[in-house]
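>
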Amino acid sequence: MSRYILSRIAQALLVLWGAYSVTYFILYLLPGDSLSIMLSASGVEIDSLSAQDLAKAKLYYGLDRGIFEQYVDLLWGALHGDFGNSLTLNRPVSELLIERLPQTLSLAGLAIVLSLIGGTGLAYLTAYVRWQPLKVALSRLPSLGFSVPVFWMGLLFIQLFAFTLGWFPATGNQGFSSLILPAVTLAIPSAAVYAQVLQRGFHGVWKEPYIITAYAKGLTRAQVQARHAFKNAALPLLTLIGLQVGNTVSGAVLVETIFARSGVGRLAQEAVLRQDIPVVLAIVTVSAAAFVVVNLIVDLLYPALDPRIAHTPKVS
Amino acid sequence: MTIFDNRLARLTRLVDPSQNLPGKNAPAVQWQRRSSLSRAMEAARPLLRRPGFLLAVAMVAFALLAALAPNLLSSYAPYATSPADKLAAPNAAHWFGTDELGRDLYTRVVHGSSVSVQAALLAVGIAMLGGLSLGVISGFAGGRIDAVIMRLIDVLLALPGLLLALAIVTAIGFGTLPVAIAVGVGIIPGFARTTRAEVLRVKTLPYVEAARLGGASWTRTLLRHILPNAWGPVAVLATLDFGAAILATAGLSFLGFGAEPPAAEWGTLIANGRHFLITAPWVSLLPGLFVVGVVFSFNHIARTLEETQR
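Structure representation (structure tokens):
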């Protein structure tokens, strides 16, 4: 068991290192001239510089060394929590991240909770309803849920709940009431995915023999669904929660831009717009780390929740 | 007494020679080879009975037609401004209303289709090319190559799709083409995984063995026997990802990394309307509704295909 945990942690670290390397490759090696991007991001025209100044600039950004050396240097810094300086804001990237992270974490956390509640609620209702037209309509709802662009949904909510009804503030990040609309917007696509998977789970579970046994014991339909069907149908959700972290982070970029919240997602949008390479690299790395860590936790939780999965080595 | 009646009928049929041997009087039905067209028609028949599916196909066909020949569907020019009726609400002349410069929004949505659909096509094309080849190599070669490719896929999966796309856009610049490439690269892992799983499943089936024993080379076996049979789930995924690619490209151009302002594109149309949300909500909501319709249609088609395949 402990061997499984160790190997799983090693694997997670390997994936994280891979993610960092792939992003580094994309950001530093793909553009023909990263120096000109960095200089224009800092507000300097590359043509106005003399050869001497160019050499100085190269030295300043650490571009004068070999590619491998630069990479090792950056990776070493990242391991110590130092992602270098932002090109446009002239501040350490880690400082920016620490300043912006709480906003995004609360948004993403609330969104995940809401999506779980919404998704399971919808699927539960679909499984319980017996009137066929309503059942079909409910089972098509998730498909609609992830067809809707996150940003469009956000605009619709602003128009509806902020401008027309005036229940919530349209933008900003003061207080809990400004958190509700963004979190609901962000929750919808994930909730749709959860609902769809859980609906399929229920569909499969109803045919299992233990459901017949439960009915034979004299339980009502509601009891069977709550005690026997739900527990078994909901297991795949756990894996899904881990996988949805990526979607939530992606959605946060859009949602924070629409609702003008100063979180990491907004920082990402601004950084890309100004081609601030160190900031982009740091944000991608941090979100990949979040994905890896959540999935690691899910994987380690699995055997505890489903004892049928045991990672003890097989006796040969 | 129904059982008796049946028996009686069968008995008379047995006794009566003219009914017993239909071949003597009526000409025998000749066996005909079914053409691939008739086979396709036969497969499509249960699908044609679903009104929802037909509606979805009609919606997708409309979007594709709009992408190919936008002038057929609208008589206005997409960039013609008319300040007199700016921000007009939807009416008979302007179905989706007009924007802040008096441009007809319906026309702009129709003309925007070509950019958005092309971008999505390019993205899915890249993803399919990359994903299919990675998946086939990985599933086919096995061993160390498989392990290396799968680790790479794991790494790509750990990067949130939009952020990976953002990183690529930072590196290669803004515009419709870079956005399409970025989105395409982001959906490669899904294709690679599905293809690999299918290739692994099909590889062990008896007819592959039979083909090999019949003397077919590995290339021929792969192209003629494995790929056609592994194709189904990949095609469903492609349909599904087409919708996802439309959403992703629209999202990136909404953030301001897509087409330049005068050009019409679904994401930029929605983004432009943001500033008039209080006074003229239709400017961003109606183009968005169109996008929802198209993406939902793609998802619905994919789901129906998936259900009928099983």
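Which chain is which? The protein sequence lines are A and B, in order.
The first sequence begins at 3 in this note's numbering and counts up one residue at a time.
The second sequence begins at 27 in this note's numbering and counts up one residue at a time.
By construction, the Cβ of each residue, glycine as well, lies at the ideal position given by its N, Cα and C atoms.
Taking S252/A as the reference, give the member of V207/A, L89/A, P191/A with the closest Cα.
It is P191/A whose Cα lies nearest to the Cα of S252/A.
> Per the DSSP calculation, N87/A is bridged to which residue(s)?
Answer is P94/A, bridged to N87/A.
> Give the interface partners of G269/B over in chain A, defined as CB-CB distance under 7 Å, in chain order.
S149
> Distance, Cα to Cα, W324/A vs P144/A?
The structure shown has nothing for residue 324/A, since chain A only spans 3 to 318.
> Under 8 Å, do L200/A and T122/A count as touching if we go by C-beta distance?
yes
> What is the rounded straight-line gap between the Cα of S140/B and the Cα of S100/B?
Taking the straight line joining both Cα atoms gives about 14 Å.
> State the DSSP-derived secondary structure class of D308/A, mapped to helix, strand or coil.
coil
> Could you check the C-alpha separation between L131/B and H137/B for me, to the nearest Å?
Approximately 10 Å between the Cα atoms of the pair.
> Along the alpha helix (DSSP H) that carries E68/B, what are the first and last residues, could you check?
62-74
> What does DSSP give as the partner residue(s) for T124/B in the beta ladder?
D130/B
> Beta carbons nearer than 7 Å to chain A: which residues of the stretch 283-306 of chain B have them?
F283, I296, R300, L303, I304
> Which class does T265/B belong to by DSSP, given the choice of helix, strand or coil?
helix
> What's the call for A237/B, buried or exposed, on a 16-neighbour Cβ count within 10 Å?
Here A237/B is buried: its Cβ has 16 or more other Cβ atoms, across all protein chains shown, within 10 Å.
> Is the Cβ of N325/B closer than 8 Å to any Cβ of chain A?
yes
> Determine, for V274/A, whether the minimum Cβ-Cβ distance to residues of chain B falls below 8 Å.
So, interface residue.
> Note the first and the last residue of the continuous alpha helix (DSSP H) segment covering G203/A.
Per DSSP, G203/A is one residue of the alpha helix (DSSP H) stretching across 179-207.
> Closer than 9 Å, Cβ to any Cβ of chain C: which residues of the stretch 170-199 of chain B, in chain order?
Considering every chain present, this structure includes no chain C. Its protein chains are A and B.
> Taking 6 Å as the limit between beta carbons, can you name the residues of its chain near G314/B, skipping five residues before and five after?
Within the same chain, and ignoring the five residues on either side of G314/B in sequence, the residues whose Cβ sits closer than 6 Å to its Cβ are I296.
> Tell me the DSSP secondary structure of T294/B in three-state form.
helix
> Please tell me whether S310/B has its Cβ less than 8 Å away from any Cβ of chain A.
With 8 Å as the cut-off, S310/B counts as an interface residue toward chain A.
> Please classify T247/B as buried or exposed, where buried requires at least 16 other C-beta atoms within 10 Å of its C-beta.
buried
> Check for me: the alpha helix (DSSP H) holding R142/A runs from which residue to which?
Looking at the DSSP string, the run of the alpha helix (DSSP H) that includes R142/A is 134-147.
> Measure from the C-beta of P33/A to each C-beta in chain B and report whether the shortest distance is under 8 Å.
yes
> Are the CB atoms of T106/A and G265/A nearer to each other than 8 Å?
yes
> Using the Cβ count rule (16 or more neighbours within 10 Å means buried), how would you classify G49/B?
Because the pLDDT of G49/B is 48, which lies under 50, any placement of that residue in the model is unreliable, and the question is left without a value.
> Go through its chain and collect everything with a Cβ distance to V150/B's Cβ below 8 Å, but skip five positions before and after it.
G210, I213, A264, D267, F268, A271
> Hey, does A146/B have any beta-carbon neighbour from chain A nearer than 8 Å?
Taking Cβ atoms only, chain A never reaches closer than 8 Å to A146/B, which makes this a no.
> Spatial neighbours of E291/B within its chain, please: C-beta separation below 6 Å, excluding the five flanking residues on both sides.
G138, V141, S142, S279, G284, A285
> Please say whether I194/B and I175/B have beta carbons closer to each other than 8 Å?
no
> Rounded to whole angstroms, what is the Cα-Cα separation between F153/A and V257/A?
Computed Cα separation, rounded: 6 Å.
> Determine the chain B residues that contact Q271/A at a beta-carbon separation under 7 Å, and present them in chain order.
In chain order, L281 make up the part of chain B whose C-beta sits under 7 Å from the C-beta of Q271/A.
> Relative to the C-alpha of L253/B, which candidate in L331/B, V318/B, F166/B, R71/B has its C-alpha closest?
F166/B
> Buried or exposed: which applies to N117/B, given that a residue is buried once 16 or more other Cβ atoms fall within 10 Å of its Cβ?
exposed
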